[in-house]
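Residue numbers (the working numbering): 56 to 525.
Shown next as structure tokens:
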């Protein structure tokens, strides 16, 4: 073993002459005459220098306290060029790095057209053209994004078709209201006309008879102040009862008594017969009592609303009724008798019936939306339900933007359940009372409100035409 040879700051331990030659070679490679020529900075590193293949004794070289160049931002900086605080070479370095980074990004980006901007092989004119094209594309995209954003801001709702099918058993069968076009029975109307009495009851009946028959020439200047019970008694007296109008009824291919399925209903066409409507106390807040009318609900009734639907424990035959499959055999079949011999005045220029399908929690508007069925004909009606459902997040959108309200957000004065149709009827009733100081007999009202007579027809029609009745 040889002694340790020291040279400057290098300590080498060699096991043979081969190691010495390696040390000499390392010294010869230094630019300033030795490994320790530049003592400004000390960087500690260690290298293992292994002998060439075939050397008998391994050699170890330990190098410490070396001066070396530093690396700044990927470029070599020697001690004399180290950046100083307060500006100087660092600014140039950052500017140079930004340009190189931008150039590299343009060359390697996948954005169409932008890589040609950084292509140095293209002319300046070509690169500028590609830059202008790229900027125009960005501006066009921003323009259309702004249009879509404004459209979403005005109408943030998305209406789409649900990919899931809805079972028929989750929705009720629609309510069916049937009205005879005959406004009054001939046998009763003739007795009222021939009555020579001038008492208040007789005058009221004559006035209402002209009202039902739309006779504006007689008693045109009279005004009626009648109670609700008086109005109801007159309607029952002159209208065809349900048990004579409905001859036979089948529900889901099962024959049932019609009086157990249909209940009397006062509409804008007079007294009619309704099927599958919920109880009156489920429709109105303070329902008026209908004395002398046969209201039957052979099965349990539930407080059904369009939002809440049926409770999970609702029986299959609960009112409002529902069907469990499509087809004529699972629907409603009725046979009607118009009693043409007892016609006194028709609400149209024909005879027969008006039939309307509507929601079980709404008041029917027969004169506006019903279709006709003439005597002697068989009519089949195909029902295609349309259901609109909302997500819970829709509640967080302002009403002015979603343009609809939930039942919990609005309370009507007369109706318990908020629907668009009920809201329109209540609005028409309130506005008619404000403008005409009366309300038609078929609209919701307080018991103390005057019923509009023939003299108020022009005012009532003006209210309808003003847009408060849709």
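Positions of the beta carbon are idealized from the N, C-alpha and C atoms, including for glycine.
- prompt: Just curious, the beta strand (DSSP E) that residue 318 is in, first and last residue?
  reply: Locating residue 318 in the chain shown gives position 263, where the first residue counts as 1. Residue 318 -> beta strand (DSSP E) spans 317-322.
- prompt: Terminal residues of the continuous beta strand (DSSP E) containing residue 376?
  reply: In the chain shown, the residue the question calls residue 376 occupies position 321. Looking at the DSSP string, residue 376 is not in any beta strand (DSSP E), and its letter there is neither H nor E.
- request: For residue 87, count neighbouring C-beta atoms within 10 Å of its own C-beta (all shown protein chains included) and say buried if the count is 16 or more, exposed if not.
  value: Taking the chain shown and counting its residues from 1, one reaches residue 87 at position 32. Because the pLDDT at residue 87 is just 45, under 50, the model does not fix this residue reliably, and the value given afterwards should be weighed accordingly. So residue 87 counts as exposed.
query: How many Å lie between residue 474 and residue 464 at the Cα?
result: As a first step, residue 474 is located in the chain shown; it is residue number 419 there, counting from the start. As a first step, residue 464 is located in the chain shown; it is residue number 409 there, counting from the start. Cα to Cα, residue 474 sits roughly 11 Å from residue 464.
- prompt: Got a sec, what are the start and stop residues for the alpha helix (DSSP H) residue 266 sits in?
  reply: As a position in the chain shown, residue 266 is number 211, starting the count at 1. Looking at the DSSP string, the run of the alpha helix (DSSP H) that includes residue 266 is 255-267.
- prompt: Rounded C-beta distance between residue 419 and residue 320? I'm assuming under 8 Å.
  reply: As a working note, residue 419 is residue 364 in the chain shown. As a working note, residue 320 is residue 265 in the chain shown. Yes, residue 419 and residue 320 are in contact; Cβ-Cβ is about 7 Å, under 8 Å.
query: Which runs of the alpha helix (DSSP H) fall wholly inside the segment 417-472 and span at least 4 residues, in chain order?
result: Here the runs fully enclosed are 421-424, 454-457.
message: Using only CA atoms, which one of 404, 244, 300, 452 lies nearest to residue 292?
response: The residue you call residue 292 lines up with position 237 of the chain shown. Nearest option by C-alpha distance: 244.
Given residue 229 as reference, the closest of 414, 439, 456, 430 once Cα atoms are compared: On the chain shown, residue 229 is found 174 positions in, with the first residue counted as 1. It is 414.
query: Would the beta-carbon of residue 375 fall within 7 Å of that of residue 336?
result: As a working note, residue 375 is residue 320 in the chain shown. As a working note, residue 336 is residue 281 in the chain shown. Against a cut-off of 7 Å, the Cβ pair of residue 336 and residue 375 comes out as no contact.
- prompt: Under three-state DSSP, which class holds residue 398?
  reply: Within the chain shown, residue 398 is the residue found at index 343, counting from 1. Three-state result, residue 398: strand.
message: Considering Cα atoms alone, identify which of 385, 476, 163 is closest to residue 498.
response: Residue mapping note: residue 498 aligns to position 443 of the chain shown, counting from 1. That would be 476, whose Cα lies nearest to the Cα of residue 498.
message: Here's the rule: buried if 16 or more other CB atoms are within 10 angstroms of the residue's CB, otherwise exposed. What is residue 108?
response: Within the chain shown, numbered from 1, the residue matching residue 108 stands at position 53. Residue confidence is low: residue 108 scores 47 on pLDDT, short of 50, so the model does not pin down where it sits. Its coordinate-derived value is still stated next. With fewer than 16 Cβ atoms within 10 Å of its Cβ, residue 108 is classed as exposed.
- request: Using a threshold of 7 Å, state whether the C-beta atoms of residue 514 and residue 505 are closer than that.
  value: What you label residue 514 is simply residue 459 of the chain shown in a count that begins at 1. What you label residue 505 is simply residue 450 of the chain shown in a count that begins at 1. Inclusion of residue 514 and residue 505 in the CB contact set at 7 Å is not warranted, their separation being larger than that value.
Residue environment, residue 172, which counts as buried when at least 16 other CB atoms sit within 10 Å: Walking along the chain shown from the start, residue 172 turns up at place 117. By the Cβ-count criterion, residue 172 is buried, with 16 or more other Cβ atoms from all chains shown falling within 10 Å of its own Cβ.
field: Chain-order list of residues whose beta-carbon lies under 6 Å from that of residue 308 (same chain, five-residue window excluded)
entry: Locating residue 308 in the chain shown gives position 253, where the first residue counts as 1. Within the same chain, residue 308 has close Cβ partners 384.
query: What three-state label does DSSP hand residue 389 in the structure shown?
result: Reading the chain shown from its first residue, position 334 is the one you call residue 389. Of the three classes helix, strand and coil, the one that applies to residue 389 here is strand, per DSSP.
message: Starting from residue 414, trace the beta strand (DSSP E) in both directions and tell me its first and last residue.
response: To locate residue 414, count along the chain shown from 1; it is residue 359. Note, residue 414: premise wrong, no beta strand (DSSP E); not H, not E.
task: Could you say which of 227, 242, 162 lies nearest to residue 439 if we only look at CA atoms?
output: As a first step, residue 439 must be located in the chain shown, where it is residue number 384. Nearest option by C-alpha distance: 227.
- request: Report yes if the CB atom of residue 421 is closer than 7 Å to the CB atom of residue 516, and no otherwise.
  value: Taking the first residue of the chain shown as 1, we reach residue 421 at position 366. Taking the first residue of the chain shown as 1, we reach residue 516 at position 461. No, they are not a contact pair.
query: Which one or two residues does DSSP pair with residue 356 in a beta bridge?
result: Translated into positions along the chain shown, residue 356 becomes position 301. DSSP output for residue 356 lists 374 as bridge partner(s).
Short Cβ contact (7 Å threshold) for residue 306 with residue 412: Numbered from 1 along the chain shown, position 251 holds the residue referred to as residue 306. Numbered from 1 along the chain shown, position 357 holds the residue referred to as residue 412. Result no, Cβ atoms of residue 306 and residue 412 do not sit closer than 7 Å.
- prompt: In this structure, does DSSP put residue 405 in helix, strand or coil?
  reply: Position 350 of the chain shown, counted from the start, is the residue given in the question as residue 405. It is coil, neither helix nor strand.
- prompt: Taking just the CA atoms, how far does residue 417 sit from residue 202?
  reply: Stepping through the chain shown from its first residue, residue 202 is reached at position 147. Stepping through the chain shown from its first residue, residue 417 is reached at position 362. For residue 202 and residue 417, the distance between alpha carbons rounds to 40 Å.
- request: Please classify residue 395: is it buried, with 16 or more other beta-carbons within 10 angstroms of its beta-carbon, or exposed?
  value: Reading the chain shown from its first residue, position 340 is the one you call residue 395. It is exposed - the Cβ of residue 395 has fewer than 16 other Cβ atoms within 10 Å.
field: residue 304 beta carbon less than 7 Å from that of residue 428
entry: Taking the first residue of the chain shown as 1, we reach residue 428 at position 373. Taking the first residue of the chain shown as 1, we reach residue 304 at position 249. Cβ atoms of residue 428 and residue 304: not closer than 7 Å.
message: In whole angstroms, give me the CA-to-CA distance for residue 512 and residue 356.
response: Your numbering for residue 512 matches position 457 in the chain shown. Your numbering for residue 356 matches position 301 in the chain shown. Approximately 38 Å between the Cα atoms of the pair.
field: Alpha-carbon to alpha-carbon, residue 366 and residue 322
entry: One-based indexing of the chain shown puts residue 322 at position 267. One-based indexing of the chain shown puts residue 366 at position 311. The alpha-carbon atoms of residue 322 and residue 366 are separated by roughly 30 Å.
message: Pop quiz: residue 508 and residue 262 are said to be a contact at Cβ under 8 Å. What is the actual Cβ separation, rounded to whole angstroms?
response: Translated into positions along the chain shown, residue 508 becomes position 453. Translated into positions along the chain shown, residue 262 becomes position 207. With a Cβ gap of about 6 Å, residue 508 and residue 262 count as contacting.
- prompt: Where does residue 328 land, buried or exposed, given buried means 16+ other C-beta within 10 angstroms?
  reply: By one-based count along the chain shown, residue 328 stands at place 273. The residue in question, residue 328, is buried, as its Cβ has 16 or more Cβ neighbours within 10 Å.
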